[in-house]
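*Asks:* One structure coming up, written as structure tokens, with questions to follow.
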DNA sequence: CTTCCACAGGAACCAGCGGACC
DNA sequence: GGTCCGCTGGTTCCTGTGGAAG
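In the working numbering, the protein residues as written are 456 to 864.
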């Protein structure tokens with residue numbers, strides 16, 4: 456009985472809540488237009504780059520071998536969007552004219568290893584390859600003999616290739632860049648995208664010369680350019696008069712100061728929209744934008760800390776304890792603290808060497824910050840501290856049953 | 001000027017897993 | 001069923017180093 460009336464009440468509550476949401480006119484027309492994987496048909500301020508790219512790869516549709524290309528630029532400068540747009544249009548053209556054409560997009564950071572990149576490539580060619588068990592060279596061999604057999608034109612896009620090169624070297628790039636020599640019936644053009652120009656230093660000169668037959672540089676957007684991009688996207692994403700000029704300027708200015716990253720600007724706008732929507736407001740205010748900016752950072756920190764592996768979380772907890780007492784520990788002191796937490800929980804602690812690597816990873820994630828300090832006779836050490844707001848970290852760690860006991864309010 | 005600390009971080013190696021292939 | 005493979009997540013061993021103390 457009791458449970459029943461409870462159910463009744465809460466279902467009424469939910470209904471009321473849903474009604475109130477549905478009755479409100481959403482400020483969004485198409486929320487997805489602000490998502491990072493959305494590829495618009497119009498990319499402002501990338502006209503030159505788009506033209507270059509289509510010139511470079513047009514020969515593929517005439518079944519002749521085009522140059523390989525190297526695309527550079529910081530994150531959020533439109534590299535991925537541009538090449539995806541070009542390949543999308545090439546695909547349409549190829550279909551119209553009945554030409555064999557495959558565009559294969561692979562993100563090297565997400566795939567992670569040489570083997571997975573090649574097997575993902577194979578799968579995109581409709582060539583089934585087991586996800587483990589084969590030698591990497593075997594996968595490559597299967598790909599080449601398949602391409603020899605089917606006779607097609609392939610645009611292979613390797614995004615964020617710097618992460619691959621830094622941990623595995625350029626072997627795969629070398630093989631792929633000369634893959635055309637091994638078959639005569641197909642053509643393959645390689646597009647390599649990197650956030651980091653210095654990655655060229657890691658390449659063998661032969662690989663470099665083959666990859667950089669064409670180079671396209673993507674400059675960061677200025678605040679003015681960001682405004683145009685936002686404007687174009689606001690029309691797709693929001694209903695009329697939701698985003699004022701002032702708000703748009705603010706978003707553009709905030710993002711331009713963060714290296715002209717369009718992806719982040721769009722994300723900021725989306726989150727600000729969601730905040731306004733939840734508030735029941737018909738328009739986005741500057742306050743919403745500021746709140747959104749804070750929320751984005753805090754959510755990121757929370758999510759990263761929550762999903763860290765056990766020993767990294769232990770390290771973070773140890774550092775949090777120091778920071779809460781306004782202490783900035785050395786790496787050695789932090790290690791000692793970490794060991795005591797671990798033994799407290801009956802967990803086998805890792806070696807100092809490994810811990811040192813985990814700390815580096817935490818620093819790469821932007822969670823912690825270290826400063827080398829020389830103490831002469833007393834050696835050299837890194838002073839460690841948390842580099843983000845403490846609250847989301849505290850929240851993430853105390854939601855962990857095991858760690859909660861160490862985290863004080 | 002030399003010494004020497006408290007680490008940083010590279011290199012090589014290992015165990016265990018899931019899986020392919022013959 | 002034995003041998004090979006890639007990959008993760010470690011360990012062991014080692015060399016390198018800035019600058020205050022001596």
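Beta carbons are placed, not taken as given, at the ideal position from N, Cα and C, and that holds for glycine.
As the structure is a prediction and not an experimental result, all values here were calculated from the model.
1) For residue 497, which three-state DSSP category applies?
2) Determine the extent of the alpha helix (DSSP H) in which residue 556 is found, giving its start and end residues.
3) Using the three-state DSSP reduction, which class does residue 481 fall into: helix, strand or coil?
4) Who does residue 650 pair with in a DSSP beta bridge?
5) For the segment 566 to 583 and the segment 749 to 758, state whether three or more C-beta atom pairs, one from each stretch, are separated by less than 8 Å.
6) Indicate the three-state DSSP secondary structure (helix, strand or coil) for residue 512 in the structure shown.
7) Tell me whether residue 827 is buried or exposed, calling it buried when 16 or more other Cβ atoms sit within 10 Å of its Cβ.
8) Which residue marks the beginning of the alpha helix (DSSP H) containing residue 814, and which one marks its end?
9) Where do the N-terminal and C-terminal ends of the beta strand (DSSP E) with residue 842 fall, by residue?
10) Alpha carbon to alpha carbon, how far is residue 607 from residue 642? Give it in angstroms, no decimals.
11) Please state whether DSSP places residue 661 in a helix, a strand or coil.
12) On the DSSP bridge list, what partners appear for residue 829?
13) Nearest-angstrom Cα distance between residue 688 and residue 505?
14) Hey, residue 483 and residue 693 are a contact pair by Cβ (cut 8 Å); roughly how many whole angstroms apart?
15) Suppose the cutoff is 7 Å on Cβ atoms and the five residues either side in sequence are ignored; what does the same chain contact list for residue 422 look like?
16) For residue 631, I'd like the list of residues in its chain whose CB is within less than 6 Å of its CB, leaving aside the five on either flank, ordered along the chain.
17) Assess contact between the segment 581 to 591 and the segment 532 to 551, defined as three or more Cβ pairs (one per stretch) separated by less than 8 Å. Is contact present?
18) For residue 670, report the span of its beta strand (DSSP E) as first-last.
19) Under the three-state reduction of DSSP, which class applies to residue 601: helix, strand or coil?
20) Pick from 696, 624 and 773: whose alpha carbon is nearest that of residue 736?
21) Does the separation of the CB atoms of residue 554 and residue 525 fall below 7 Å?
22) How many angstroms separate the CA atom of residue 682 from the CA atom of residue 835?
*Replies:* In this structure, then:
1) On the first chain, position 42 is the one that residue 497 refers to. Coil, per DSSP.
2) Reading the first chain from its first residue, position 101 is the one you call residue 556. Premise fails: residue 556 lies in the beta strand (DSSP E), 556 to 562, not in any alpha helix (DSSP H).
3) Residue 481 sits at position 26 when you count from the first residue of the first chain. Of the three classes helix, strand and coil, the one that applies to residue 481 here is coil, per DSSP.
4) Your numbering for residue 650 matches position 195 in the first chain. Answer is none; residue 650 lacks a bridge partner.
5) no
6) As a first step, residue 512 must be located in the first chain, where it is residue number 57. Helix, per DSSP.
7) The count along the first chain starts at 1 and reaches residue 827 at position 372. Exposed is the call here.
8) As a first step, residue 814 must be located in the first chain, where it is residue number 359. It spans 807 to 819 - the alpha helix (DSSP H) in which residue 814 sits, taken as one unbroken run.
9) Counting from one through the first chain, the residue named residue 842 turns up at place 387. That residue, residue 842, is in no beta strand (DSSP E); it is neither H nor E in DSSP.
10) Numbered from 1 along the first chain, position 187 holds the residue referred to as residue 642. Numbered from 1 along the first chain, position 152 holds the residue referred to as residue 607. One C-alpha to the other measures close to 7 Å.
11) Stepping through the first chain from its first residue, residue 661 is reached at position 206. Three-state DSSP puts residue 661 in a helix.
12) The residue you call residue 829 lines up with position 374 of the first chain. DSSP output for residue 829 lists 835 as bridge partner(s).
13) For the purposes of this step, residue 688 is taken as residue 233 along the first chain, with counting starting at 1. For the purposes of this step, residue 505 is taken as residue 50 along the first chain, with counting starting at 1. Answer to the nearest angstrom: the Cα atoms are 18 Å apart.
14) Reading the first chain from its first residue, position 28 is the one you call residue 483. Reading the first chain from its first residue, position 238 is the one you call residue 693. That pair is a contact at about 6 Å.
15) Lying outside 456 to 864, the shown extent of the chain, residue 422 is not represented and no answer is given.
16) Counted from its first residue, the first chain places residue 631 at position 176. Cβ neighbours of residue 631 beyond the five flanking positions: 645.
17) no
18) Translated into positions along the first chain, residue 670 becomes position 215. Per DSSP, residue 670 belongs to the beta strand (DSSP E) from 669 to 673.
19) For the purposes of this step, residue 601 is taken as residue 146 along the first chain, with counting starting at 1. Looking at residue 601 - three-state DSSP - the assignment turns out to be helix.
20) Reading the first chain from its first residue, position 281 is the one you call residue 736. Comparing Cα positions, the closest option is 696.
21) Walking along the first chain from the start, residue 554 turns up at place 99. Walking along the first chain from the start, residue 525 turns up at place 70. For residue 554 and residue 525, no; Cβs fall outside 7 Å.
22) Numbered from its first residue, the first chain carries residue 682 at position 227. Numbered from its first residue, the first chain carries residue 835 at position 380. One C-alpha to the other measures close to 47 Å.
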